[in-house]
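Worksheet for the structure shown next.
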Ligand SMILES: Cc1cc2nc3c(=O)[nH]c(=O)nc-3n(C[C@H](O)[C@H](O)[C@H](O)COP(=O)(O)OP(=O)(O)OC[C@H]3O[C@@H](n4cnc5c(N)ncnc54)[C@H](O)[C@@H]3O)c2cc1C
């Protein structure tokens, strides 16, 4: 569904001088533009796509996991690692409570689901979140220029910046760069903001795909393509040391593995692979220890005394995975159930508890939920989101070197950094 047009949308070029220019019509850019408009600044939002919030529209499989229900800011920033503290100041002004209040005021019902994930209420979707942001921008009189690609930014001085687009030159005192990262480039996020940041003297922490499917060496993954496993456990090991562990849902694909627990482990896998080979182990029955699992297999086999082993396991496992488990365990699936030996059962148990998967690399930006790295936080004032190098230049959202796990964390960064940058950019422009 294409979002409804806001009253302020403007494809014509009238006066092109504004207090604040926001580059990028994603979540960070839209809330920043609205916040600047609410302060009374004249605001232009420049978006290269023909509509706003393309990536936002596909978040949470179209339902938009818009925040993470954790009101303690210290706990909220923990999963961001050492960079998390950067956002604390913005959270104290526009945190989870303020975010939820903001959307509720604009007609979004708030529901909290498993894992403290915040979604819009029943019947509402990402498009409703986008409409709420459009309403906010319309209230603030924001002029929206879609199909307008920014080519370059020139800093004349503290209070004059020129933004060259494919449809002409715009000028403003404050400019907010909210162009996102490099992931899912077909949504418009092609990393342009990094280039302008670099050109204006900012450091860029090298970028990498994060929250991403993983390519594996095992060719059997392809034969299981499309199979989803629930309530399984994946662990990551290197040099005899466990580096990570996740419980939940995963999926096999033609290139390897994907799904929530895989995507969440991707950053740790990537880090490990930088050092050398690593192995993931899949526990297909985490609720049963080895002895209980062996008993369970015995019981199942007794219930099918006249079957061959392959068929005797059908109550324990999804059908598709049985031949793979047998092959990895080196056990012949055509063995008669009443002839299965203790050693064969032991091999099966071993594979069911620790099926090895060899990660090769992450699948890449095209399939990554977020980008790791970005504009160095050392160059940005955490209280205002203003550049420490170029007064009047601000950064918001994923373009910053700040990325969290799935669960609504990344959009919270957009709302908090976006809102604060908008207010501050407006204040600076109207000094
Ligand atoms: C499949 C998927 C699902 C996700 N689900 C969730 C979720 O449920 N919860 C969550 O918290 N996070 C989720 N994320 C992450 C979240 O979508 C991003 O963190 C967020 O969209 C980043 O917002 P942003 O405004 O910084 O950048 P973006 O959303 O990337 O927006 C940047 C905008 O800038 C525009 N732009 C870029 N260059 C230019 C230019 N030169 N001129 C003009 N405009 C330009 C782009 O066209 C784009 O519209 C998901 C991501 C993906 C890919």
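Residue numbers (my numbering): 3 to 433.
The beta-carbon is built from N, C-alpha and C at its ideal position, and this holds for glycine as well.
Please read all numbers here as calculations on a predicted model, not as lab measurements.
query                                                                                                                             : result
C-beta atoms of residue 407 and residue 216 nearer than 7 Å                                                                       : no
Cβ neighbour criterion (16 or more within 10 Å) applied to residue 52                                                             : exposed
Any non-hydrogen atom of ligand 3 closer than 6 Å to residue 81 Cβ                                                                : No copy of ligand 3 occurs in the structure displayed; its ligands are ligand 1 alone.
Residues near residue 18 in its chain [Cβ-Cβ closer than 7 Å; skip 5 each side]                                                   : 170, 171, 172 and 173
One or two residues paired with residue 70 in a DSSP bridge                                                                       : 119
Where the alpha helix (DSSP H) through residue 313 begins and ends                                                                : 311-314
Beta-carbon contacts of residue 383 that lie in its chain and below 7 Å, excluding the five residues immediately before and after : 390
Rounded Cβ spacing between residue 68 and residue 152 (contact assumed at less than 8 Å)                                          : That belief does not hold up - the Cβ atoms of residue 68 and residue 152 are roughly 26 Å apart, past 8 Å.
Residue 9 (DSSP reduced to helix, strand or coil)                                                                                 : Only weak support exists for where residue 9 lies, its pLDDT of 34 falling under 50; the value from the coordinates is given anyway. Note: residue 9 maps to coil in three-state DSSP.
Under the three-state DSSP convention, the category residue 237 falls into                                                        : strand
Residue 214: CB within 6 Å of a non-hydrogen atom of ligand 1                                                                     : no
Identity of the residues DSSP links to residue 358 by a beta bridge                                                               : 283
Option in 33, 85, 32 and 93 with minimal Cα separation from residue 72                                                            : 93
Pairwise C-alpha distance: residue 372 and residue 22                                                                             : 27 Å
Residue 195 to residue 426 span [Cα, whole Å]                                                                                     : 19 Å
Near ligand 1: residue 191 beta-carbon under 6 Å from a heavy atom                                                                : yes
Rounded straight-line distance, which links the Cα of residue 124 to that of residue 31                                           : 26 Å
Neighbourhood of residue 267 by C-beta, 7 Å cutoff - its chain only, sequence neighbours within 5 removed                         : 236, 238, 246 and 248
Contact test: residue 374 Cβ vs ligand 1 heavy atom, cutoff 6 Å                                                                   : no
Counterpart residues of residue 251 in DSSP-defined beta bridges                                                                  : DSSP lists no partner for residue 251.
Residue 398 - DSSP class collapsed to helix/strand/coil                                                                           : coil
Near ligand 1: residue 403 beta-carbon under 6 Å from a heavy atom                                                                : no
Where residue 57 falls, given that 16 or more other Cβ within 10 Å makes a residue buried                                         : buried
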